[in-house]
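Working notes, beginning with the structure itself.
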Amino acid sequence: MGRSRLAAYLLAGALSTSFAVLPATSAGALSATVVTESTNLNVRTGPARWYPKVDSLTNGTALALDCQVDGETATGTVRTTNKWDRMRDGTYVSDAYVRRAGSLPECATTPGRPPGTWTHPLPGFAVQGGWRTPQRPNHQGVDLMSFKGTPIRAAAAGTVLEIVCNIQPGGSCDVDGTPKSKGCGWYVKIGHPGKIATLYCHMLRRPEMIKVGQKVKAGDVIGLIGTSGSSSFPHLHFEVHVNAPPTSPENAVDPLTFMASVGAPLPRA
């Protein structure tokens, strides 16, 4: 989508927030340049990857920036930062990919959080296994250690999309798993407003309190802590995906960052 089409898109009210759409050369905006090398820089309606993408900018594109807000941390071609730059049309780009001539003030207002109330899926228990660590670069979620049988709760209101036994051929999700097992055992996937999905893995048994298609509220019990699948001790493997479904490694985001952004931080051990 080009810049002129984006302005029309915003003016037509397609975005939920009302922005004043001004020309990129309006007075008062700080001049800056996109630095992405071989990729494009995504333009979003808010300061994180889970906000809708409305445009993409090529390397060298000139920007007119108004201010900055705190958002998702990114490592880019210019810097590592959690700052996102708001452009004159009200959209955002990560400052990690922006070369600018000066500093930007903090924005007076920031976009709203993803819709709905969010809560800790395992209250009282801390995160001990991180997202895509150097030791486990393909780990798409975080691990919260607990005791077998502890209730697992829906992180937000939504619809139960899947209840699945994910195991190697010939294996069983109704026995304790081992590190040599494959998959995440009994898991539940919930779809939430804003095209967000959460996954809850290694459950004790197939959940009896929910069914596919059921509506759940934030905090509803959706299963019990177990150690089915590829697991050596009872714990919850918790994932967050954006622009979902479907869910895949490509749209998984760090649950620690996401949950902090929606007001439900997950403490680390």
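Positions -20 to -1, 1 to 249 (mature numbering (1 follows the signal peptide of the UniProt record, and there is no 0)) are the ones given, in order, by the sequence shown.
All C-beta atoms in this analysis are idealised placements derived from N, C-alpha and C, irrespective of residue type, glycine included.
Nothing here was measured: the structure is a model prediction, and the numbers come from that model.
First and last residue of the uninterrupted beta strand (DSSP E) at residue i
i, result
"residue 189", "Unbroken run through residue 189: none, as it is neither H nor E."
"residue 24", "21 to 24"
"residue 123", "122 to 125"
"residue 108", "107 to 109"
"residue 12", "10 to 14"
"residue 75", "No beta strand (DSSP E) holds residue 75; DSSP gives it neither H nor E."
Chain-order list of residues whose beta-carbon lies under 7 Å from that of residue i (same chain, five-residue window excluded)
i, result
"residue -13", "Low confidence applies here, because residue -13 scores a pLDDT of 39, under 50, leaving its location unreliable; read the following figure in that light. Nothing meets the Cβ criterion."
"residue 167", "144, 146, 179, 180, 181, 183"
"residue 131", "201, 204"
"residue -19", "Caution applies to residue -19, whose pLDDT of 46 falls short of 50 and renders its modelled position unreliable; the value that the coordinates give is listed next. Nothing listed; no residue qualifies."
DSSP bridge partner residues for residue i (one or two, in chain order)
i, result
"residue 181", "217"
"residue 158", "210"
"residue 36", "22"
"residue 167", "144"
"residue 47", "66"
"residue 86", "48"
"residue 128", "Answer is none; residue 128 lacks a bridge partner."
"residue 248", "107"
"residue 98", "136"
Collapsed DSSP secondary structure at residue i in the structure displayed
i, result
"residue 241", "helix"
"residue 137", "coil"
"residue 235", "helix"
"residue 200", "coil"
"residue 230", "helix"
"residue 53", "strand"
"residue 172", "strand"
"residue 58", "coil"
"residue 42", "strand"
C-alpha distance - residue i paired with residue j, whole-angstrom precision
i, j, result
"residue 23", "residue 176", "19 Å"
"residue 209", "residue 157", "5 Å"
"residue 51", "residue 64", "6 Å"
"residue 234", "residue 84", "27 Å"
"residue 80", "residue 71", "17 Å"
"residue 218", "residue 9", "41 Å"
"residue 48", "residue 57", "18 Å"
"residue 74", "residue 16", "11 Å"
"residue 78", "residue 231", "23 Å"
"residue 127", "residue 103", "12 Å"
"residue 197", "residue 13", "44 Å"
"residue 222", "residue 155", "31 Å"
"residue 36", "residue 29", "13 Å"
"residue 61", "residue 20", "18 Å"
"residue 246", "residue 101", "9 Å"
"residue 165", "residue 207", "8 Å"
"residue 134", "residue 151", "27 Å"
"residue 249", "residue 240", "16 Å"
Cut-off 8 Å between Cβ atoms - residues of its own chain near residue i, not counting five sequence neighbours on either side
i, result
"residue 119", "109, 110, 111, 112, 113"
"residue 148", "161, 162, 163"
"residue 88", "47"
"residue 227", "169, 177, 179, 219, 221"
Close beta carbons around residue i, own chain, < 6 Å, minus the five adjacent residues each side
i, result
"residue 141", "169, 171"
"residue 229", "120"
"residue 27", "49, 51, 64, 72"
"residue 237", "52"
"residue 32", "25"
"residue 125", "108, 215"
"residue 66", "46, 47, 72, 87"
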